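What follows is a short report on a single structure.
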Amino acid sequence: GIHRYLIDIGGVTAIPCFITSILAGCISGWINLKIPKAQRWRVGILGGMLCETLTMILVIVWAPTTALGIDIVSKIGIPMILGSVCIGFIVLLVQSVEGEKEASAARQAKLALDIANKTLPLFRHVNSESLRKVCEIIRDDIHADAVAITNTDHVLAYVGVGEHNYQNGDDFISPTTRQAMNYGKIIIKNND
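Residue numbering for the sequence shown follows this note's numbering, starting at 18 and increasing by one per position.
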């Protein structure tokens, strides 16, 4: 609230904005602690509108003359109150993005568990055919163009686009694969 006071020291709106900024912070904290996440944007809009309405009332009361207070409020009241509605919709948008991130992470975790359940039996007796089946399962489940299983030097199994290049079983890994292993990063390689 101090910043609102310092912007217009001694001005008609300084004290009302100082008071309601502090109140808005307290209300925001209460909303965050007490209101279910799905309802925060609605309650936030109401809280913001309440605080801005209180600001307008205090401007009228605090002004040297009521006429000056009403003149100020008539010019800034509606935009300030509607601004709190816009902020509520921004909160809703941010919550929606957060929800989608959580849902995406859950889908990825489920996919990883599904792949693990399907491939785990194939690792009981590891050979070129079982590794190839693992690659097929992964490729089908993640809809990849190709999947490879390698050790640090050779391609042990490969399924997908360019498969004809990896049929000997003694093929060396590509420079891109080596780079991914050296830096511990995923590399998406397009036809470049």
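Don't be surprised by glycine CBs; every beta carbon is placed ideally from N, CA and C. Note that the coordinates shown come from a computational prediction; the quantities given were computed from them, not determined experimentally.
Next on the checklist: Assuming the contact rule is C-beta atoms closer than 8 Å, G28 and G65 should be a hit. Round their C-beta distance to whole Å, please.
Outcome noted: About 22 Å separates the beta carbons of G28 and G65, which is beyond the 8 Å limit, so they are not a contact pair.
Item to check | Cα-Cα separation, F189 to G116 | outcome: Looking at the two C-alpha atoms, the distance is approximately 43 Å.
Next on the checklist: Give me, in chain order, the residues of the same chain whose beta-carbon lies closer than 7 Å to that of I48; leave out the 5 immediate sequence neighbours on both sides.
Outcome noted: R57, V60, G61, G64, listed in sequence order.
Item to check | Spatial neighbours of K54 in its chain, beta-carbon cut-off 8 Å, leaving aside the 5 residues before and after | outcome: Q112
Checklist entry - When the Cα atoms are used, what is the spatial distance from L109 to E119? => result When rounded, the distance between both Cα atoms is 15 Å.
Item to check | C-alpha gap between D158 and I132, whole angstroms | outcome: 7 Å
Checklist entry - What alpha helix (DSSP H) runs, 4 residues minimum, are completely inside the segment 138-164? => result 145-159
Checklist entry - Taking 7 Å as the cut-off, is the CB of D162 close to at least one heavy atom of the ligand ADP? => result Ligands displayed in this structure: none; no statement on the ligand ADP is therefore possible.
Next on the checklist: Assuming the contact rule is C-beta atoms closer than 8 Å, A30 and I77 should be a hit. Round their C-beta distance to whole Å, please.
Outcome noted: Correcting the residue type first, residue 30 is Thr in the shown sequence and not Ala. Not quite, the Cβ-Cβ distance comes to about 11 Å (not below 8 Å), so this is no contact.
Item to check | Segments of 4+ residues assigned as alpha helix (DSSP H) that fall wholly inside the segment 28-58 | outcome: 31-51
Item to check | Cα-Cα separation between P33 and Q125, rounded to whole angstroms | outcome: Rounded to whole angstroms, P33 to Q125 spans 50 Å at the Cα level.
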